[in-house]
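Each remark here refers to the structure printed beneath this line.
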Amino acid sequence: MSNHVIEESNSSATKELEQKQEKEKEEEEDEDDELRKLLLPDVCNLPSVPPSAVESNFAIYFALDFMKPGHDQYVYRHANGLCVIGLAPSHVSFKDEGGITAIDFNVGKSDRSGVKVTGKRKKNAQHFESNTALCKVSTKNDSYIVRCCVKGSLLEVNQQLIKQPELLNASADREGYIAIIMPKPADWLKIKASLVSVEEYKKLREVS
Amino acid sequence: MEQEEEKVSNAFIPSSLSSFDLEQVLHALPSNALNHLFSLGVCVRCVLRLFGIKGPICASVDNGSENPLDSTTSNEAKLCNICLGILQFRFYDDREKRVLQKDTAYDVALLIADMVKQERYQFDTFSLEVSIPPLILQNETCLKYGSEPWFQEKLHTGCISIKDALKFSLINPLENLLGCKSSLCPFRIRLTYTHTKALEGVAKCSENDGSESDLIGQRPLSSTVEIESFDSSKLFLKSASEPCHFSYNCSRTPFYFGGRYLKYSRNVSQTRWIIDDERMGEASVEEIIGTKVLQACRGDNYKFHAAGREDIDVVRMLGPGRPFILEVQNTRLVPTEQCANNIEKMINEVENKLVRVKNLKLVGSDGWNLMREGEAEKQKQYAALVWTSRPLKDEDFQQVSSLKDLKVVQRTPIRVLHRRSPLEREKIIHWMKIETVAGSSQYFLLHLCTQAGTYIKEFVHGDLGRTHPSIGSILGCRAEILQLDVTDIKMECFLT
């Protein structure tokens, strides 16, 4: 008789526990639903055109008339010190009819596209001066030398350009970047003085 | 002579001994041995232990009259040349910053017990550990290779080491003062004797020794010590000039708390992140959890280990959370499950809800399995707020949803390229689903489930083409990511 009673009270105790657990689960799910709503933003707070990944993550500089008139290049510097080098929209090569048709990394003493940089310490990276040639871009009738602009170790060149040089015409500022260089902090400070900011660039080149 | 030696060296000496009995014990030892040892400047307790005599007899030695056989007893007994004062209870106390002379082992135990009580350690047993300078072991080795053969024999059969002798004399008083038994356990009381200054004279154990000064304190004795031409009078330090430095402290093996965390803020990094003396972000998950745990257990410091990480601007608000283990060192309290529950409550009830902890509990070695679980979760789920340079249409939504187990090749993102190897990593995007945002045709929520280790931001904006394909390349336009959340929830509704 007493066993039966105990069994009953046990089962009601477990029922209580189950109910409690279910309630907790429901509460959690409600909370999740509320949080999920937080994921969805309020559209009126969003800008119609947000800053690009480059604008958000890099400081943008320009080297104007680097070594030669019209040879304008950009330098995107990341907070971690790495610099992305490429052709500024006002680069003289874009003025040629048909734009850029080919690119050659085999300049100077080595083929820049051939070097394999490995490891965290960036072994085998070549150390270049700011005026060292990176590559040569060719248009229908002319060719132009693109230089490092920043003294440092060459980590990589954009291999995609070899197969798709038209990237330089379509998006020189993004997929058409030319190389990534890692300067020492002291070398960066030296070169930074000769670079101009985005605002200055717009003024000097009368770009909007 | 031999009979008497045997009688004495293995005897258990009852506690009712008086100092008269000490004289008796000493007289029972071979007198030439005793004289020899005393002439070398060895203290009475060392003599007793070298002959394997232990027990309360040692306690009854009065430090005032070190050498009962010496007719010229001085009040200031000379420092023992073997134990350098350790068994004479004379030392330079690191806490009081001066030389102390204690009369009995009990007095030394009192110093130690006071320290333990001051720190308010919680314990129900303790383990006593002693560390002595290597120089003392060298001295003893020299002695062991001494001249008299009967001497050598005695030393090999019964002699008690300095560490053991010290422990024997301290254990009982400590047990009484601390109110518990000693045993092998994680709570340790450490006694450290060091000898920093050079001693007068030089210990020579071999005629062909190198430069004298090398032996002072530092160089360990080579095992191939020459034994033949020993003259034990040359064996010793002329005299030990200063007692050892004595420092004592407690320590406990670390405790481990395991659990999962959620992160609600886009300005909180996972671990403390400081560049040029400036903190990045307003707080870190590690500090939020670690400081509370440290406070609650009264520990010295903590180490935070998590199964994976997310960027400072990525929140993790949904789901079970990311597993972590917090190691706490040298806790004064012994944490319990209740303690863990309280800590969890404290962290979660903080006003500015930055971080939330779930399932905090004490873990043993099984805790590390929990972490493997987190890393083994091969698939991660995210919700990204994406902007495209052109409005999207239904075909775009369908195209994205139709991609299953999409292979993506990611070159090391530029933002981590400074500290990671330049590699190409192939990752899989298991599925994607676009959720529209009311009022906009160019903003939408991209839900995706990816292989662990995929860089989501780079998959959205393409990282200057170094991640291919990317959302932009798939949709044929420019795409930017504004916000990323780890969702980690069962999204069956999005699988079809």
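The listed protein sequences correspond, in order, to chains P and R. Quick note on numbering: this note's numbering labels position 135 of the first sequence as 125, and the sequence is numbered without any gaps. If you count the second sequence from 1, you need to add 158 to reach this note's numbering. Heads up, the beta-carbon is just placed ideally off N, CA and C, and yes, glycines get one too.
Review point. Curious, which full-length alpha helix (DSSP H) runs of at least 4 residues does the segment 547 to 597 of chain R contain?
Key: 552 to 560
Point to revise | Whole-angstrom C-beta distance between residue 599/R and residue 543/R, which should lie under 8 Å | key: Here the question's residue 543/R lines up with position 385 in the second sequence. Here the question's residue 599/R lines up with position 441 in the second sequence. Incorrect: roughly 14 Å between the Cβ atoms, too far for contact.
Review point. Roughly how many angstroms separate the alpha carbons of residue 125/P and residue 167/P, rounded to a whole number?
Key: For the purposes of this step, residue 125/P is identified with residue 135 of the first sequence, where counting begins at 1. For the purposes of this step, residue 167/P is identified with residue 177 of the first sequence, where counting begins at 1. Rounded to the nearest angstrom, the two C-alpha atoms are 12 Å apart.
**Study point:** Coarse secondary structure for residue 113/P, derived from DSSP in three states
**Key:** Taking the first residue of the first sequence as position 1, residue 113/P is located at position 123. It is a strand residue.
Exercise for review: Just the chain R side, please: which residues come within less than 8 Å of residue 156/P by C-beta, in chain order?
Suggested key: Here residue 156/P refers to the residue found at position 166 of the first sequence. Per Cβ cutoff of 8 Å: no residues; residue 156/P is ~13 Å from chain R at best.
**Study point:** Limits of the unbroken beta strand (DSSP E) element including residue 331/R
**Key:** As a position in the second sequence, residue 331/R is number 173, starting the count at 1. It is not in any beta strand (DSSP E) - residue 331/R instead sits in the alpha helix (DSSP H) that spans 320 to 336.
Practice item. May I ask which residues mark the beginning and end of the beta strand (DSSP E) holding residue 287/R? Key: By 1-based counting over the second sequence, the position of residue 287/R is 129. 285 to 289 is the extent of the beta strand (DSSP E) around residue 287/R.
**Study point:** Distance between residue 414/R and residue 525/R (C-alpha atoms, nearest Å)
**Key:** Mapped onto the second sequence, residue 525/R falls at position 367. Mapped onto the second sequence, residue 414/R falls at position 256. Taking the straight line joining both Cα atoms gives about 8 Å.
Check your understanding: Can you give the Cα-Cα distance for residue 506/R and residue 437/R, rounded to whole angstroms?
Key -> As a position in the second sequence, residue 506/R is number 348, starting the count at 1. As a position in the second sequence, residue 437/R is number 279, starting the count at 1. Taking the straight line from one Cα to the other gives about 23 Å.
Point to revise | Beta-carbon separation (whole angstroms), residue 498/R vs residue 520/R, contact threshold 8 Å | key: Position 340 of the second sequence holds residue 498/R. Position 362 of the second sequence holds residue 520/R. Correct: roughly 6 Å between the Cβ atoms.
**Study point:** Distance between residue 272/R and residue 317/R (C-alpha atoms, nearest Å)
**Key:** Taking the second sequence and counting its residues from 1, one reaches residue 317/R at position 159. Taking the second sequence and counting its residues from 1, one reaches residue 272/R at position 114. Rounded to the nearest angstrom, the two C-alpha atoms are 32 Å apart.
Exercise for review: Can you tell me which of 80/P, 181/P, 107/P puts its alpha carbon nearest to the alpha carbon of residue 159/P?
Suggested key: Along the first sequence, read from residue 1 onward, the residue named residue 159/P stands at position 169. Considering only alpha carbons, the answer is 80/P.
**Study point:** Delimiting residues of the alpha helix (DSSP H) encompassing residue 619/R
**Key:** Working through the second sequence from its first residue, we reach residue 619/R at position 461. From DSSP, the alpha helix (DSSP H) with residue 619/R extends over 614 to 619.
Review point. Does the distance from the CB of residue 642/R to the CB of residue 472/R come in under 8 Å?
Key: Walking along the second sequence from the start, residue 642/R turns up at place 484. Walking along the second sequence from the start, residue 472/R turns up at place 314. Yes. Within cutoff.
Review point. What distance in whole Å lies between the Cβ atoms of residue 74/P and residue 170/P, which are believed to be in contact at a cut-off of 8 Å?
Key: Walking along the first sequence from the start, residue 170/P turns up at place 180. Walking along the first sequence from the start, residue 74/P turns up at place 84. Going by Cβ atoms, the distance from residue 170/P to residue 74/P rounds to 6 Å, so yes, they are a contact pair.
Check your understanding: Got a sec, what are the start and stop residues for the beta strand (DSSP E) residue 515/R sits in?
Key -> For the purposes of this step, residue 515/R is identified with residue 357 of the second sequence, where counting begins at 1. 513 to 520 is the span of the beta strand (DSSP E), which, as asked, contains residue 515/R.
Review point. Run through DSSP, which three-state label would residue 168/P get?
Key: Position 178 of the first sequence, counted from the start, is the residue given in the question as residue 168/P. Coil at residue 168/P, not helix or strand.
Review point. Since residue 450/R is in the alpha helix (DSSP H), which residue starts that stretch and which ends it?
Key: As a working note, residue 450/R is residue 292 in the second sequence. Counting along the chain, the alpha helix (DSSP H) containing residue 450/R begins and ends at 443 to 455.
**Study point:** Where residue 473/R sits in the DSSP three-state scheme
**Key:** Against the second sequence, residue 473/R aligns to sequence position 315. Correct three-state label for residue 473/R: strand.
Review point. Is it the case that the Cβ atoms of residue 350/R and residue 409/R are separated by a distance below 8 Å?
Key: Position 192 of the second sequence, counting from 1, holds the residue named residue 350/R. Position 251 of the second sequence, counting from 1, holds the residue named residue 409/R. No, the pair does not count as a contact, with Cβ atoms beyond the cut-off.
Exercise for review: Identify every residue that forms a DSSP beta bridge with residue 101/P.
Suggested key: Position 111 of the first sequence, counting from 1, holds the residue named residue 101/P. The partner list for residue 101/P (beta bridge, DSSP) reads 96/P.
Check your understanding: How long is the line joining the alpha carbons of residue 455/R and residue 443/R, rounded to whole angstroms?
Key -> Counting from one through the second sequence, the residue named residue 455/R turns up at place 297. Counting from one through the second sequence, the residue named residue 443/R turns up at place 285. Going by the C-alpha atoms only, they are around 19 Å apart.
Review point. Using a C-beta cutoff of 8 Å, does residue 545/R count as contacting chain P?
Key: Translated into positions along the second sequence, residue 545/R becomes position 387. Output row for residue 545/R: interface = yes.
Exercise for review: Say whether chain R places a C-beta atom closer than 8 Å to the C-beta of residue 35/P.
Suggested key: Locating residue 35/P in the first sequence gives position 45, where the first residue counts as 1. For residue 35/P, the answer is no, since every Cβ of chain R falls outside 8 Å of its Cβ.
**Study point:** Whole-angstrom C-beta distance between residue 129/P and residue 76/P, which should lie under 8 Å
**Key:** Residue 76/P sits at position 86 when you count from the first residue of the first sequence. Residue 129/P sits at position 139 when you count from the first residue of the first sequence. Incorrect: roughly 16 Å between the Cβ atoms, too far for contact.
Point to revise | Contact check, residue 328/R vs residue 235/R, beta carbons under 8 Å | key: Walking along the second sequence from the start, residue 328/R turns up at place 170. Walking along the second sequence from the start, residue 235/R turns up at place 77. Not closer than 8 Å, so no.
Check your understanding: Does DSSP put residue 197/R in a helix, in a strand, or in coil?
Key -> The residue given as residue 197/R occupies position 39 in the second sequence. Reduced to three states, the DSSP call for residue 197/R is helix.
Exercise for review: Give the single residue among 140/P, 35/P, 131/P whose Cα lies nearest to the Cα of residue 184/P.
Suggested key: What you label residue 184/P is simply residue 194 of the first sequence in a count that begins at 1. Measuring from the Cα of residue 184/P, the nearest candidate turns out to be 140/P.
Review point. Quick one: is residue 33/P buried, meaning 16 or more other Cβ sit within 10 Å of its Cβ, or exposed?
Key: Start at 1 with the first residue of the first sequence, and residue 33/P comes out as number 43. Residue 33/P comes out exposed.
**Study point:** C-alpha distance - residue 28/P paired with residue 52/P, whole-angstrom precision
**Key:** On the first sequence, residue 28/P is found 38 positions in, with the first residue counted as 1. On the first sequence, residue 52/P is found 62 positions in, with the first residue counted as 1. Cα to Cα, residue 28/P sits roughly 40 Å from residue 52/P.
Point to revise | Close beta carbons around residue 595/R, own chain, < 7 Å, minus the five adjacent residues each side | key: Counting from 1 along the second sequence, the entry for residue 595/R is found at position 437. Contacts found: 601, 602, 603.
Review point. Looking at the unbroken alpha helix (DSSP H) that takes in residue 195/P, where does it start and where does it end?
Key: Counting from one through the first sequence, the residue named residue 195/P turns up at place 205. Element bounds for residue 195/P: 188 to 195.
Practice item. Give, in chain order, every residue of the segment 120 to 147 of chain P whose Cβ lies closer than 7 Å to some Cβ of chain R. Key: 145, 146
Practice item. Could you tell me the distance, in whole angstroms, from the CA atom of residue 366/R to the CA atom of residue 300/R? Key: Within the second sequence, the letter at position 208 stands for residue 366/R. Within the second sequence, the letter at position 142 stands for residue 300/R. For residue 366/R, the predicted model reports a pLDDT of 37, less than 50, meaning its position is unreliable; a value from the coordinates is still stated below. Near 15 Å, if we compare the C-alpha coordinates of residue 300/R and residue 366/R.
Practice item. Give the C-beta separation of residue 606/R and residue 586/R to the nearest angstrom, bearing in mind that I take them to be a contact with Cβ-Cβ under 8 Å. Key: Your numbering for residue 606/R matches position 448 in the second sequence. Your numbering for residue 586/R matches position 428 in the second sequence. No, residue 606/R and residue 586/R are not in contact; Cβ-Cβ is about 11 Å, not under 8 Å.
Exercise for review: Pull up the DSSP beta-bridge partners for residue 658/R, would you.
Suggested key: The question about residue 658/R has no answer here: the residues shown for chain R are numbered 159 through 654.
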